[in-house]
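**Student:** Sending over a structure as structure tokens; questions will come in a sec.
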Amino acid sequence: MKVFKFGGASVNSIDRIKNVAGILKEYQQEPLLIIISAMGKTTNALEKVAEAFFAGKQDEALKLFDLVKQNHLTTAKFLLVTHYNKTLEQLINYFTEAEWLLHDKPVRDFDYYYDQIVCVGELLSTCIVSAYLNETGINNRVIDVRDVLRTDNIFRDATIDWEETKKLAGDLNLYSLENSTAPKMVITQGFIGSTSDNESTTLGREGSDFSAAIFANLLDAESLTIWKDVDGIMSSDPKKFTTAQFISDLSYNEVIEMAYYGAQVIHPKTIKPLQNKNIPLYVRSFINPKQPGTVINSKTPKNLPPIKVIKENQVLVHLRSHDFSFVGEKPISQLYRMCGSLHITPNLLQTGAISIQLCIDDHAEKIEQLALLASEIFDVQLEKGLTLLTIRHYKTGLVESMTEGKEIVLLQKTTETVQVLYK
Numbered sequence: 001m002k003v004f005k006f007g008g009a010s011v012n013s014i015d016r017i018k019n020v021a022g023i024l025k026e027y028q029q030e031p032l033l034i035i036i037s038a039m040g041k042t043t044n045a046l047e048k049v050a051e052a053f054f055a056g057k058q059d060e061a062l063k064l065f066d067l068v069k070q071n072h073l074t075t076a077k078f079l080l081v082t083h084y085n086k087t088l089e090q091l092i093n094y095f096t097e098a099e100w101l102l103h104d105k106p107v108r109d110f111d112y113y114y115d116q117i118v119c120v121g122e123l124l125s126t127c128i129v130s131a132y133l134n135e136t137g138i139n140n141r142v143i144d145v146r147d148v149l150r151t152d153n154i155f156r157d158a159t160i161d162w163e164e165t166k167k168l169a170g171d172l173n174l175y176s177l178e179n180s181t182a183p184k185m186v187i188t189q190g191f192i193g194s195t196s197d198n199e200s201t202t203l204g205r206e207g208s209d210f211s212a213a214i215f216a217n218l219l220d221a222e223s224l225t226i227w228k229d230v231d232g233i234m235s236s237d238p239k240k241f242t243t244a245q246f247i248s249d250l251s252y253n254e255v256i257e258m259a260y261y262g263a264q265v266i267h268p269k270t271i272k273p274l275q276n277k278n279i280p281l282y283v284r285s286f287i288n289p290k291q292p293g294t295v296i297n298s299k300t301p302k303n304l305p306p307i308k309v310i311k312e313n314q315v316l317v318h319l320r321s322h323d324f325s326f327v328g329e330k331p332i333s334q335l336y337r338m339c340g341s342l343h344i345t346p347n348l349l350q351t352g353a354i355s356i357q358l359c360i361d362d363h364a365e366k367i368e369q370l371a372l373l374a375s376e377i378f379d380v381q382l383e384k385g386l387t388l389l390t391i392r393h394y395k396t397g398l399v400e401s402m403t404e405g406k407e408i409v410l411l412q413k414t415t416e417t418v419q420v421l422y423k
């Protein structure tokens with residue numbers, strides 16, 4: 001069995017959806033589980049719906065959601081004929097699921113409402129794509145991933161309950177696709193799951209890759225392929241660096257390092273479920289599907305080019321002990337607990353005798369909460385508007401050339417990796 005994952009860019013138009021069908025036609029005789037993301041910028045649009053709703057602007061939220069509705073209804077009308085009425089009925093059910101909530105008033109945390117609203121994007125896209133495939137003769141069945149991926153109730157960053165998820169996958173006969181009389185091609189959603197109380201959760205932004213890895217692990221898949229709009233993994237973002245180079249082979253460890261430092265090609269949580277069972281990951285182009293792409297496995301490649309990652313909108317949190325006493329084990333452990341409670345992952349950490357500096361993403365609400373908690377044991381100052389550059393396998397002179405004319409705020413360097421925080 002193979003697992004495929006198609007991101008939002010691969011289904012963001014009628015032509016792109018037809019292109020996905022062309023790729024899948026080559027695999028319709030094989031057992032295949034397919035993860036599909038929300039179409040195009042749907043997640044961004046639904047985030048605006050959630051923000052308007054939580055701000056008490058119900059009319060605005062409903063208008064914004066209506067734009068999402070109309071976009072998906074139009075797509076369905078252009079793609080479907082014989083399957084249109086049945087698909088419309090299912091789409092209306094998903095619309096109602098969100099609108100029922102939007103007519104109410106928020107009484108819980110924002111993260112809860114975010115998950116209930118944003119998850120609709122994946123449900124709508126899989127509904128339409130599955131119907132189109134069936135209409136073109138590519139037999140498949142679609143399942144609601146919320147019936148399989150069981151999580152805790154940490155909304156927007158849920159943790160998988162592996163044992164319960166494994167059991168639920170068995171209940172849906174996902175382990176017997178090869179011998180099933182039902183369609184061997186199964187389509188489901190990425191990014192989302194549900195609690196034991198059937199409340200929708202999400203696995204963190206870009207969590208569809210993680211969803212695909214979870215299924216690959218559970219089903220002992222032959223491989224996982226993530227289909228993107230690039231030929232494979234590049235040494236840097238080609239939109240930011242004209243010198244970006246294609247990389248044909250990477251190790252699990254290298255990709256984990258890249259993900260940790262903020263590379264957007266692979267979700268940080270994706271690799272471990274694959275590494276645990278030595279399942280190769282292919283990153284291939286849905287635009288040029290004949291290209292082999294990048295393979296990620298346990299082998300260690302040699303002579304990798306410098307791998308560059310830029311993270312903008314960074315905040316440096318300056319923490320200094322109130323009484324100028326040494327920053328010892330207790331204050332640092334308290335700080336880690338604070339970050340853990342707020343689900344904040346530092347991108348860079350620098351400790352001194354009486355101070356700690358913490359570089360984190362600029363999420364205003366979480367920064368405010370962290371500053372408030374930390375002020376009990378530290379003097380706190382914030383420095384915003386910074387950029388973090390990370391280079392793996394750096395070469396002499398590269399860092400200097402890339403930071404020329406910049407005001408360096410913080411620099412950390414090992415033999416393998418250099419990080420520079422600058423204005």
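Residue numbers are given in this note's numbering: position 283 of the sequence shown equals residue 283, and the series is strictly consecutive.
In this text, a Cβ means the ideal position worked out from N, Cα and C, and glycines have one as well.
Quick caveat: nothing in here was measured; it's all calculated off a predicted structure.
Is it true that the stretch 234-248 meets the stretch 179-196, where meeting means three or more beta-carbon pairs spaced less than 8 Å apart?
**Tutor:** Flag = no, the stretch 234-248 and the stretch 179-196 do not touch.
**Student:** CB-CB under 8 Å to N278, same chain, minus the five flanking residues each way: which ones, in chain order?
**Tutor:** N297, S298
**Student:** Under the three-state reduction of DSSP, which class applies to T126: helix, strand or coil?
**Tutor:** In the structure shown, the three-state DSSP call for T126 is helix.
**Student:** How would you label I92, buried or exposed, when you count the other beta carbons within 10 angstroms and need 16 or more for buried?
**Tutor:** exposed
**Student:** Using the three-state DSSP reduction, which class does G121 fall into: helix, strand or coil?
**Tutor:** helix
**Student:** So which of Y336, L348, L372, F324 has the shortest CA-CA distance to S355?
**Tutor:** The candidate whose alpha carbon is nearest that of S355 is F324.
**Student:** Measure the Cβ-Cβ separation of V20 and M39 and say whether it is below 9 Å.
**Tutor:** no
**Student:** Might you give, ordered along the chain, the residues of its own chain that have their beta carbon closer than 7 Å to the beta carbon of V118, omitting 5 neighbours on each side?
**Tutor:** T43, L46, E47, A50, T202
**Student:** What separation, rounded to the nearest whole angstrom, lies between the Cα atoms of A182 and E30?
**Tutor:** 12 Å
**Student:** With distances taken from CA atoms, which of A98, L80, S130 is nearest Q58?
**Tutor:** A98
**Student:** How big is the Cα-Cα spacing for I344 and K366?
**Tutor:** 8 Å
**Student:** Could you round the C-beta distance between T300 and S251 to whole angstroms and report it? I think they count as a contact, below 8 Å.
**Tutor:** About 5 Å separates the CB atoms of T300 and S251; that is less than 8 Å, so the two are in contact.
**Student:** Report the residue from L149, G328, E368, L389 whose alpha carbon sits nearest the alpha carbon of C339.
**Tutor:** E368
**Student:** Just the C-alpha distance for I226 and A216, rounded to the nearest angstrom, thanks.
**Tutor:** 12 Å
**Student:** Report the start-end ranges of each alpha helix (DSSP H) in the stretch 23-91 that is 4 residues or longer and not cut off at the edges.
**Tutor:** If one requires a minimum length of 4 residues, the alpha helix (DSSP H) runs lying completely within the stretch 23-91 are 42-54, 58-79, in chain order.
**Student:** Span of the beta strand (DSSP E) holding S208?
**Tutor:** No beta strand (DSSP E) holds S208; the alpha helix (DSSP H) holding it covers 208-218.
**Student:** Can you give the Cα-Cα distance for L370 and L342, rounded to whole angstroms?
**Tutor:** 7 Å
**Student:** Since L316 contacts E383 with CB under 8 Å, what's their CB separation in whole angstroms?
**Tutor:** 4 Å
**Student:** Assuming D379 is part of the beta strand (DSSP E), what are its boundary residues?
**Tutor:** 378-392
**Student:** Just the Cα atoms here: how many angstroms apart are L411 and L349?
**Tutor:** 10 Å
**Student:** With distances taken from CA atoms, which of D379, S321, V418 is nearest G397?
**Tutor:** V418
**Student:** Tell me N179's beta-bridge partners as DSSP assigns them.
**Tutor:** Bridge partners of N179: none, in fact.
**Student:** Which residue comes first and which comes last in the beta strand (DSSP E) that contains K311?
**Tutor:** 307-321
**Student:** Rounded to whole angstroms, what is the Cα-Cα separation between K413 and V399?
**Tutor:** 11 Å
**Student:** With a cut-off of 8 Å, do at least 3 Cβ pairs link the stretch 70-82 to the stretch 124-140?
**Tutor:** yes
**Student:** Quick check: what's the CA-CA separation for I391 versus N276?
**Tutor:** 27 Å
**Student:** Under the assumption that D111 contacts F155 (Cβ atoms under 8 Å), give the Cβ distance between them as a whole number of angstroms.
**Tutor:** 4 Å
**Student:** Identify whether M1 lies in helix, strand or coil by the three-state DSSP scheme.
**Tutor:** coil
**Student:** One question on the structure: do Y113 and F53 come within less than 9 Å of each other, judged by their Cβ atoms?
**Tutor:** Contact check for Y113 against F53 passes: the beta carbons are separated by less than 9 Å.
**Student:** T165: buried (16+ other C-beta within 10 angstroms of its C-beta) or exposed?
**Tutor:** With 16 or more other Cβ atoms within 10 Å, it is buried.
**Student:** On the criterion of 16 or more Cβ atoms from any shown chain inside 10 Å, does G170 qualify as buried, or is it exposed?
**Tutor:** Around the CB of G170, fewer than 16 other CB atoms lie within 10 Å, so the residue is classed as exposed.
**Student:** With a 10 Å radius around its C-beta and 16 neighbouring C-beta atoms as the bar for buried, classify V148 as buried or exposed.
**Tutor:** Burial call: buried.
**Student:** Identify the residues that DSSP records as bridge partners of Q189: which are they?
**Tutor:** Beta-bridge pairing links Q189 to I36.
**Student:** Please state whether DSSP places K239 in a helix, a strand or coil.
**Tutor:** coil
**Student:** Counting only the same chain and skipping the five closest in sequence on each side, list residues whose C-beta sits under 8 Å from that of K2.
**Tutor:** Y27, E30, P31, L32, L33, A221, E222, S223, L224, T225
**Student:** Sorted by chain position, which residues of the same chain lie with C-beta nearer than 6 Å to E206's C-beta, five sequence neighbours on each side aside?
**Tutor:** H267
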